[in-house]
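Top line first, the protein sequences correspond to chains A and F.
For what it's worth, our numbering labels the leading residue of the first sequence as 1, then goes sequentially.
For what it's worth, our numbering labels the leading residue of the second sequence as 262, then goes sequentially.
Below you'll find the structure, written out as structure tokens, and then a few comments.
Number of protein chains: 2
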Amino acid sequence: MIESAVGAGRPGVAGEKAQYRKLAASMRLEIEAGEFGNNGRLPSEESLAEQYGVSRGTVRNALALLRANGLVTSRRGTRRVVLGTARTQSFQELLSFTAWARAQGEEPGARTLHCLSRPASAAETEALQLDDGAVVTEVLRLRLLGRVPVMLERTVYPERTGAVIGGLAPDSLSHTEVLDASGAVFADSEHTIDVVPADSVDAGALGCAEGTGLLREIRRATDPAGVPLLWSEDRFLPGTVSFSVHNSASVSALARRRGRP
Amino acid sequence: MIESAVGAGRPGVAGEKAQYRKLAASMRLEIEAGEFGNNGRLPSEESLAEQYGVSRGTVRNALALLRANGLVTSRRGTRRVVLGTARTQSFQELLSFTAWARAQGEEPGARTLHCLSRPASAAETEALQLDDGAVVTEVLRLRLLGRVPVMLERTVYPERTGAVIGGLAPDSLSHTEVLDASGAVFADSEHTIDVVPADSVDAGALGCAEGTGLLREIRRATDPAGVPLLWSEDRFLPGTVSFSVHNSASVSALARRRGRP
DNA sequence: GAGTGGTCTAGACCACTAG
DNA sequence: TAGTGGTCTAGACCACTCC
């Protein structure tokens, strides 16, 4: 085949998804529709390739996606098995409380308790990769589902992103969406989860007793170049949310650590 | 190249790792040693391929591993950037409290509070994919680091694995290692994390007040065929451990859920 | 022994970033 | 415009599972 590989590198139109992503989405629907049954076996890679008119490599890319999301197993020697319908959230929903709430069919709410600019602490300088003496914007917000307080959110933005956030109305909902629209691109995030006793601020805002164990999520998000975009500490009332993670022997993104973060 | 692909499918000796895994491990060391600096840029895929004498595909496999573990970014157009040294744990350490504790340089301990066989509840029948009326083995153990109680672990095994566990001495440490040795293979696991108030059993065993918020981790592990191997609920004293997860826009294994699991 | 997924190669074109 | 990662193809051999 001297004149091979003519139609490769398909995504011609900008904004069009890669083939393997479309394939993965399509297979995801089939799996969720119970096409192969629960604990059913998928067709072989080769037959999928033929069926969809793509190469085996593309099929494998698609399956790797489903594998990472915990939808199917994979092992040498036998066909893949359907593990279940692990509905993981989109990256967007994970970063934005607003987007997440809406996807759950709930009404998200926000009440800004304060929003100020100040010099970064040593820890923040480290976490956000700032220069010494840099200024950050700190926003403290109470987040609601319907009218029920659920979470207290303390977010710290570096100067550039902080400037965008600082000018917003105190009742505006999604800061993440605003940043998105301003051109910021969220690419990676690191989440740390533990329990912390409510202090007096937490207790006052969330309406719980001081000392109540709150579910804490610390997030740090970076753009595609690795530049930190925000750092945030969310404290959830017990019983309001839980986090779930899928893990496989081949790729493990979860870690347990000693003590507090 | 008519006589190409002679040396493909390398792993000749059983137990030998794939090339891309070795490559990933090697690059991981270089990154952790600060070879490219923090926020430094990696060599191009092509130059890595040449340097290590492998194809670009193999290099990409290796880099995908590092990417999933949050060590490097990747985007079209520029070289990869070092994100940091996200020391994620091996799958083994994540499943076995004993293995984890030892890797932290701590002395793991276990005290069996009870171990019994009984009919599975409806929820367990569902989670472990059992037949109606199946019997499970439930083990309740207090786990320690040094002499300090840290966690109360309630594990439910289906009949087959339970038979292996049932015959162990009450002070034996790692059930996971025993199962491993018995031929069970852990391939996937699903973890759910939230906060739960200590009940009287928790309080008595862990030495905390009733109602104290405990960090709860619910795990379900399956073998490569998707067969459930165990279900467990661990309750950690506050401040003893935290969990951390890495996430990227391309593959997200973390989800936030409403309410308790 | 047949079938299947895992690994590897070689080569191609494309989209994007940056000088 | 050159360099780089993303996507896709075609083909090969191997390790493993199961009949």
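All residues carry an ideal CB built from backbone N, CA and C; glycine is no exception.
Computed from a prediction, not measured in an experiment: that's the story for all the values here.
Item                                                                                                                           : Value
Inter-residue Cα distance where the pair is Glu368/F and Ala362/F                                                              : 6 Å
C-beta neighbour in chain F for Pro43/A, strict 8 Å                                                                            : no
Between the CA atoms of His507/F and Met288/F - distance to the nearest angstrom                                               : 19 Å
Contact list for His436/F against chain A, beta-carbon separation under 9 Å                                                    : Here the premise fails: no neighbours, minimum Cβ distance about 17 Å.
Proximal residues of chain A, C-beta to C-beta of Ser351/F below 8 Å                                                           : Ser252
Counted within 10 angstroms of its Cβ, other Cβ atoms place Ala381/F as buried (16 or more) or exposed                         : buried
Residue environment, Gln312/F, which counts as buried when at least 16 other CB atoms sit within 10 Å                          : exposed
DSSP three-state assignment for Ala482/F, whether helix, strand or coil                                                        : strand
Sequence-distant residues of the same chain with beta carbon closer than 7 Å to Glu46/A, five excluded per side                : Arg56
Gly70/A and Glu471/F closer than 8 Å at C-beta                                                                                 : no
Buried or exposed (CB count within 10 angstroms, at least 16 for buried), Ser252/A                                             : buried
Beta-carbon contacts of Leu344/F that lie in its chain and below 7 Å, excluding the five residues immediately before and after : Gly331, Leu332, Val333 and Thr334
Same chain, Cβ closer than 6 Å to Thr176/A, neighbours up to 5 away in sequence not counted                                    : Leu95 and Ser96
Cβ shell of Arg477/F (< 6 Å), same chain only, five flanking positions each side left out                                      : Asp455, Val457 and Arg496
8 Å Cβ shell around Ala163/A - same chain, five flanking residues per side excluded                                            : Thr137
Near-chain A residues of the region 281-313 of chain F (beta-carbon distance less than 7 Å), N- to C-terminal order            : Asn300
Any non-hydrogen atom of the ligand MG closer than 7 Å to Arg496/F Cβ                                                          : Absent from the structure shown: the ligand MG. Ligands present: none.
Cross-chain neighbours of His114/A in chain F, by beta carbon under 8 Å                                                        : Per Cβ cutoff of 8 Å: no residues; His114/A is ~25 Å from chain F at best.
CA-to-CA distance, Phe243/A to Arg517/F, given in whole angstroms                                                              : 5 Å
Where Val409/F falls, given that 16 or more other Cβ within 10 Å makes a residue buried                                        : exposed
Segments of 3+ residues assigned as beta strand (DSSP E) that fall wholly inside the region 445-484 of chain F                 : 449-458 and 474-483
C-beta neighbour in chain A for Asn322/F, strict 8 Å                                                                           : no
Counted within 10 angstroms of its Cβ, other Cβ atoms place Leu29/A as buried (16 or more) or exposed                          : exposed
For Arg75/A, the first and last residue of its enclosing beta strand (DSSP E)                                                  : Here Arg75/A belongs to no beta strand (DSSP E), and DSSP marks it neither H nor E.
First and last residue of the uninterrupted alpha helix (DSSP H) at Arg421/F                                                   : Glu420 to Gly427
Residues that DSSP places opposite Gly370/F in a beta bridge                                                                   : Leu405/F
Contact belief for Arg302/F with Val342/F at Cβ below 8 Å, rounded distance in angstroms                                       : 6 Å
As assigned by DSSP and simplified to three states, the class of Asn508/F                                                      : strand
Between the CA atoms of Arg337/F and Pro11/A - distance to the nearest angstrom                                                : Model confidence at Pro11/A stands at a pLDDT of 43, short of 50, so the residue's coordinates are unreliable; what they give is reported in the following sentence. When rounded, the distance between both Cα atoms is 14 Å.
Residues of its chain near Ala371/F, where Cβ-Cβ distance is below 6 Å and the 5 sequence neighbours each way are ignored      : Arg402, Arg404 and Leu434
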